[in-house]
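Structure first, then comments.
4 protein chains.
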Amino acid sequence: MIDRYSRKVMTDIWSDQKKYEIWYEIERYACEAQANLGVIPKEIIDTLDQNKNIIFDAKRINEIEKETKHDVIAFLTFISEIIGDDARFIHQGMTSSDVLDTCFSIQLFRSSELLIEDLKTLLKNLKNLALKHKFTKCIGRSHGIHAEPTTFGLKMAQAYTEMNRNLERLKTASEEIRVGAISGAVGNYSSIDPKVEEYVCKKLGLKVEEISTQIIPRDRHAAFFSTLSVIASSIERLAVEIRHLQRTEIMEVSEFFSKGQKGSSAMPHKKNPIHSENLTGLSRLIRMSVIPALENIVLWHERDISHSSVERVIGPDATVILDFALTRLSLLMENLIVYPENMKKNLYKLNGVIFSQNVLLKLTQKGISREESYKIVQKNALQAIDDDVSFKDLLLNDKETMNVLSPKELDQIFDISRYFKHVDTIYKRIFG
Amino acid sequence: MIDRYSRKVMTDIWSDQKKYEIWYEIERYACEAQANLGVIPKEIIDTLDQNKNIIFDAKRINEIEKETKHDVIAFLTFISEIIGDDARFIHQGMTSSDVLDTCFSIQLFRSSELLIEDLKTLLKNLKNLALKHKFTKCIGRSHGIHAEPTTFGLKMAQAYTEMNRNLERLKTASEEIRVGAISGAVGNYSSIDPKVEEYVCKKLGLKVEEISTQIIPRDRHAAFFSTLSVIASSIERLAVEIRHLQRTEIMEVSEFFSKGQKGSSAMPHKKNPIHSENLTGLSRLIRMSVIPALENIVLWHERDISHSSVERVIGPDATVILDFALTRLSLLMENLIVYPENMKKNLYKLNGVIFSQNVLLKLTQKGISREESYKIVQKNALQAIDDDVSFKDLLLNDKETMNVLSPKELDQIFDISRYFKHVDTIYKRIFG
Amino acid sequence: MIDRYSRKVMTDIWSDQKKYEIWYEIERYACEAQANLGVIPKEIIDTLDQNKNIIFDAKRINEIEKETKHDVIAFLTFISEIIGDDARFIHQGMTSSDVLDTCFSIQLFRSSELLIEDLKTLLKNLKNLALKHKFTKCIGRSHGIHAEPTTFGLKMAQAYTEMNRNLERLKTASEEIRVGAISGAVGNYSSIDPKVEEYVCKKLGLKVEEISTQIIPRDRHAAFFSTLSVIASSIERLAVEIRHLQRTEIMEVSEFFSKGQKGSSAMPHKKNPIHSENLTGLSRLIRMSVIPALENIVLWHERDISHSSVERVIGPDATVILDFALTRLSLLMENLIVYPENMKKNLYKLNGVIFSQNVLLKLTQKGISREESYKIVQKNALQAIDDDVSFKDLLLNDKETMNVLSPKELDQIFDISRYFKHVDTIYKRIFG
Amino acid sequence: MIDRYSRKVMTDIWSDQKKYEIWYEIERYACEAQANLGVIPKEIIDTLDQNKNIIFDAKRINEIEKETKHDVIAFLTFISEIIGDDARFIHQGMTSSDVLDTCFSIQLFRSSELLIEDLKTLLKNLKNLALKHKFTKCIGRSHGIHAEPTTFGLKMAQAYTEMNRNLERLKTASEEIRVGAISGAVGNYSSIDPKVEEYVCKKLGLKVEEISTQIIPRDRHAAFFSTLSVIASSIERLAVEIRHLQRTEIMEVSEFFSKGQKGSSAMPHKKNPIHSENLTGLSRLIRMSVIPALENIVLWHERDISHSSVERVIGPDATVILDFALTRLSLLMENLIVYPENMKKNLYKLNGVIFSQNVLLKLTQKGISREESYKIVQKNALQAIDDDVSFKDLLLNDKETMNVLSPKELDQIFDISRYFKHVDTIYKRIFG
């Protein structure tokens, strides 16, 4: 979790203070439930509420932990230093994991709420671009090679639907992680009533983990981090698209370049797509959490603690970086500079060979075999590229072609509007 | 995809013959739709139907591919060798990806149908074990160390719920992948009506990809393979549990050991949990597909072909191995030998210190501070372990303890039944 | 291991027949050593030698394995079916891992010998290109944006040095894996003299594993597969370079496009860099072996068998695919089409702003502050790009610039030869 | 990089202050070389030396970076704010990567120096344990099942040799990364003499990167992080061994449990192997850097900046965590509590079946076929386990066995000393 790639609104969720506040909240609700059941005196609730704005002295808690080698015990000892003897009523029948795992669920769920907002903002920006450039013609490329025309709006609409799927995935994943557990040692409720768990979870907006073995099973978390990794890779796909389109030879879009910005310390002429490149790297960072998250599933028996150190790192890191990346991408798309003129220029760069499929189809429809048609078209198209001459002119001079096609038919074949006749259909599917 | 870890029912889905059959089916439905639209003559359908039981000569197709360097063109050329000139009506306005991606979706979806069946069988076996051993007492272990009692049924119930979540995840993932696309070069439908796509997909039981850029976007596939990886890791968790419980010193369960089986070439006394260990390795193999599947998302522009080689391997490998692993695990659980007597023996191995939490709670309830109570219990418990003497006896001789507890209260504390009083609640949550 | 990405010379190493031959060879040398020590009768050697051209009937061996659930025992039983009772002298005091692990080392080492040859061929081709294009001028790009001139030879020389480092790494890794072990159960030599191990390893060209715990420790294998992954990524780097340079708008190089090759089933004009894209995908496939190889290190106690299934897959897959990829890349580079004219054209695409650093430096040397110089140069350079006018002309009309620079000095600044004055130095470092 | 898993000595290498100090040092040596070549005035050196104890105000530098969007330019601007106009002589002909990459090499190399020391300390502790417990008998386990006797010293000696290989690997990797580059934009030395690079590298103890394309190629870094990942996995292997041996039912070793330490908040009797479990998790964290490090190799053309964010995280994280893990493991091993009595007890837990191989061998040597011998031994051994009776007694009553063996021969077979007769040989190989 490094400053450079963080937003405060997300790092706050992962701060020590916030963590201790959540622990306190969990313990408080557990006390309330226990008091309701008559297990502990009701007075402890008042004591806890009077101290609810406590500042958690991380330094002192760490000091205690150095001795006890146990973070939750250190926290409870710290509480007892403040509220005194009554502290013994707190945490009764519970085990540390009850607090830790329920807190981690809350932090992940709150993170996902932010990420969901991020995705929605991104979707809005993508939709704007899609609508604005619905018919901004540009070349579609397969294998980096000019293929056939498409529109810049369609590119954006594709990104929109992909991110929309990611939104759905994230919602599913966040529901998976929205569970708490207060089940005691090895999850047997030996010293705590399941009603406490139900009460605490309800108050915290969590579902109850059906069966916990002291810990909430880590398949939930793995599914969560996998989802973040899919989103990260979709971010990278879009970032790489921008990087490609901003290349010197292509220059169809450009990241916003602010006043005073310097592209290179040595070469003042540079305007680099550094945000997209940064997003490419951030994607790798998010993605790297998926393997340890999967390995974390395989805990021994009712639980071991090997997952803990992993989650202390990937919990904040993956969510903080993804939040930053989504925000950066949103901003980038919002301020993206689009060059429709360059798009048009590139579209005709290959002397019209991008119409080759139409010629091929027409020839086969005129009765020439597919094989033969392919050869005719390929020969002329490659010549058009190699000799930098008009593909249409070559065809007009090609006997085999003109045996079956009239010049007028050729005109129709080279009419670009046919490539856009179904854009409406696609948009209707996506935007309704 | 190696024989050793394959079931024919799954490898069949990935055979060359099956692949070509699916391609043929896609092309045939596309022809039907095209004929309905009047684009091509209806007669082609009859020709195709007359040849529908064609044996696809993989050798010949490969030969053609060596020249054309293109698999779908090789396939179409092979068809034209068989049905003659009419073949030119096939594939009109389509691009290879229309066939390849739609076929891949079908293969993945059919694989997931098998995997769903596998999971259901496993769930049945786990449920049987859970019900049978609902009150088969055993020690719960955290950190590999005896913690508190649980039951073997609860272990199985936990695995059941985890696998049940995996079933839900797999259903979601299989729906994600159940999409087809017939959208032509760069997905612009320039030479093919979207109605063809709708028709073909409907016939094949697929949804239409809202917007494809020649290819179906790979975030769908990444989500699919991520899900397989989560399932694989849950398999490993259960396999590792079996491996632990079959250890010589624990011996609470054992894999079935068949007549004639040999555990070791050198040591005839060995009965090793080789299937569980094998499942551990297979899990790693399935999991390794997740990173390349994520990297595959980041294709260039409308498409590049880098994903293809990856999917040729991980498509069959991950599904075939997962199918094999689930089947092996099911069989293993169905035939698992459980040793309740050994479980009971292990339960009391630590001279009763597993009741330590109860003592702790009781002491705090009697007014001793949590800190002080902890020290009393810890001291006696560790002595009980170190000196191999009864924890209860030590407490009976401990002044601080007996100052506040009566012998009768101590008896209640050491009553094991309290650990099982909520088993019913948990089972009701899970099995209703 | 799929045909499509395999060369026979490598798959042969991993065939069942070859595996059994190696097992036989190991057992035979072990017998020889045992006979020399007087542990078993010398006659067994003759028997084994008479049968050395045995055809190993994989089907029959698999049949036996189905009963014994143990591959080495099945093999030994098969041998005894052929050579009869004397077979009992084989494998005495040994354990399966002695055979399996030593064989795996041999297979990996022989694979690495092939891979080393592959790398040497690639290096030769890269060196040829480097020498041929030492002064073939082209634009250097950072962030996909034109930066300053370089030469195509330098690109090739860079790839050469990177692959040369990979060669060294592979040699190191192959030495790491060139170890055998014949140490019996848990590696205690309880029933076999360490002299047998020394003898067998010497005969097979292997070093002796200093301490094996029945198995050869898997850190050796992990280091090996990590090395393959680094090589794979370097392959991808070069493949991505080719893909970029073959882009329609750049077209500085092109993969060889053979007679009869078809780039697209729909668009006959396409010449796609499909081999480079394929190499990009293959790289992902090789790389995915690194995590399971690392996880394999963590075996339990003296050994468990979880690594076995993993290695049955990644052993052949990673080596076979890497061999194929290196061979493909070699061929691609050998037949690469280079377009120096296009390189030159691209070089001047940005109206000379690629000389911006020189202007900057000269201005600072003339006493203008770095900050101020940067602003002057940046302003003119960005205008040259935006308005598509000559950067030099703009400077000639820029007062601040011409206050300190003479037109002649400007000429010197725009002299491209300065960018190549150290090419010799670099080549001397690399090629001597 | 989180406090909890950090040592100051390592985090210092990665502090902002240290980074800026290294940048300053690089720029200063570059100025010296430039001054020697007469490119800039010698006076700048004095200015730089007078300011060498500068406190780098990270806040101010960050402020400038916010405007320039470029970290090195921000740094240079900061310098110019301090030393004034002469700052224009700094960084002449250089590009940011010259500073960044050379600095990163230095940080990684210095990290590796610490890690090498860590490994040496660990090796010392492992050697001590190996020598002390050379003949501390214990059971060797394969598949978690008792196999044959070994010694605890051998376990430690194995860990020693594995870590020793890791030491060699790390030395190799650290040499790979010990390179600097001062080659200017796209690495063409257009405005800087290669002599500057040679001078700076020599002063900093680095080798010169033979050919850099503005950046040092990332295969070097990938090899470095791969090596850290192998070491991490070896750490996990040893940690898992400790976790196994500390299990309640095994209890052959125990992590040191300090005064005041609390194993569980709920169960005061617990002594958990939390450090070994923590090391298991830390291993996953280190290992996760390998994939992004490999992906970083594939930069575009002469360079892109996608690697930067990745390295800002994994650079410090992987080295800091590995340093912490090695230190923790060293301490753990130094203070490890070994229970030889429990080892002895476990050794005979299976009623002597661990001698089964000896019986098998003796029977085959007496002329019984391997197959038949195996059946005899297996039958008796499994009965000994199942009925909890002495294996030897069963054999004494087994006709088939006693037909060929005398009771005296049986005694020899069950003599445990044979398992340790080659320990000296192994130790000689390892420790000389």
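So the sequence lines, in the order shown, correspond to chains A, B, C and D. Those letters in the first sequence? Residues 2 to 433, by this note's numbering. Those letters in the second sequence? Residues 2 to 433, by this note's numbering. Those letters in the third sequence? Residues 2 to 433, by this note's numbering. Those letters in the fourth sequence? Residues 2 to 433, by this note's numbering. Glycine is no exception: its CB is placed at the ideal position from the N, C-alpha and C atoms.
Counting along the chain, no beta strand (DSSP E) covers R166 of chain B; the unbroken alpha helix (DSSP H) around it starts and ends at 153 to 178.
Within chain B, S307 have C-beta atoms less than 7 Å from the C-beta of T281 of chain C, given in sequence order. Interface criterion met: the Cβ of K263 of chain B is under 7 Å from a Cβ in chain C. With contacts defined by Cβ atoms closer than 7 Å, F79 of chain C and I56 of chain C do not form a contacting pair.
Take the alpha-carbon of K196 of chain D and the one of Q384 of chain C: they are about 35 Å apart.
As a beta-bridge residue in DSSP terms, K208 of chain B pairs with B:V180. Restricting attention to A:K346, A:H222, A:S255, the CA atom closest to the CA of G316 of chain A is found in A:H222. Among the residues facing chain C, H270 of chain B is not included, as its CB has no counterpart in that chain under 7 Å away. With a threshold of 7 Å between beta carbons, S192 of chain D makes contact with chain C. Excluding the 5 residues flanking it on each side, Q108 of chain B has same chain C-beta neighbours closer than 6 Å at I14, in chain order.
I84 of chain D and E44 of chain D have their alpha carbons spaced roughly 12 Å apart. The alpha helix (DSSP H) runs lying completely inside the stretch 80 to 139 of chain D and spanning 4 residues or more are 97 to 133, given in chain order.
Residue pairing from DSSP places H147 of chain A in a beta bridge opposite A:R142.
Cβ proximity to chain D below 7 Å picks out S234, S235, E237, R238, V241, E242, H245 from the stretch 234 to 262 of chain C. For the pair N352 of chain C and F392 of chain C, the CB atoms are nearer than the 7 Å cut-off. Taking A158 of chain C as the centre and dropping the five residues before and after it, the same chain places the C-beta of A131, I431 closer than 6 Å to its C-beta, in chain order. When B:Y375, B:K409, B:Y340, B:A382 are compared, the shortest CA-CA separation from C139 of chain B is found for B:Y340. The beta carbon of Y161 of chain C is closer than 7 Å to those of L124, L127, K128, A131, I431 in its chain, skipping five residues each way along the sequence. S357 of chain B has a beta carbon lying within less than 7 Å of a beta carbon in chain D. Interface criterion met: the Cβ of T214 of chain B is under 7 Å from a Cβ in chain A.
Per DSSP, the unbroken alpha helix (DSSP H) holding D17 of chain A starts and ends at 17 to 37. Annotated as proximal: Y30 of chain D and K204 of chain D, with beta-carbon spacing under 7 Å. In the structure shown, V299 of chain A falls within a coil segment according to DSSP collapsed to helix, strand and coil. Only buried fits Q247 of chain B, as 16 or more other CB atoms lie within 10 angstroms of its CB. Shortest Cα-Cα distance from K346 of chain B to any of B:T328, B:H423, B:H147 involves B:H147. Runs of the beta strand (DSSP E) lying entirely within the stretch 251 to 295 of chain C and spanning at least 3 residues: none are present.
The C-alpha of H308 of chain B lies about 23 Å from the C-alpha of T228 of chain C. Contact with chain C is found for A267 of chain B, since one of that chain's Cβ atoms lies less than 7 Å from the residue's Cβ. The criterion of a C-beta distance shorter than 7 Å is satisfied by P274 of chain C and E256 of chain C. Cβ-Cβ distances below 7 Å link A382 of chain D to V354, S357, F392 in the same chain, with the five nearest sequence neighbours on each side left out; the list follows chain order.
The C-beta of V321 of chain C comes no closer than 7 Å to any C-beta of chain B. Interface criterion met: the Cβ of R419 of chain C is under 7 Å from a Cβ in chain D. In this structure, the beta-carbon distance from V180 of chain B to E199 of chain B does not fall below 7 Å. Around H245 of chain B, the same chain offers I251 as residues with beta carbons nearer than 7 Å, after the five sequence neighbours per side are excluded. Counting other Cβ atoms within 10 Å of its Cβ, I386 of chain C reaches 16 or more and is therefore classed as buried. Exposure of S259 of chain A is indicated by the presence of fewer than 16 other C-beta atoms within 10 angstroms of its C-beta.
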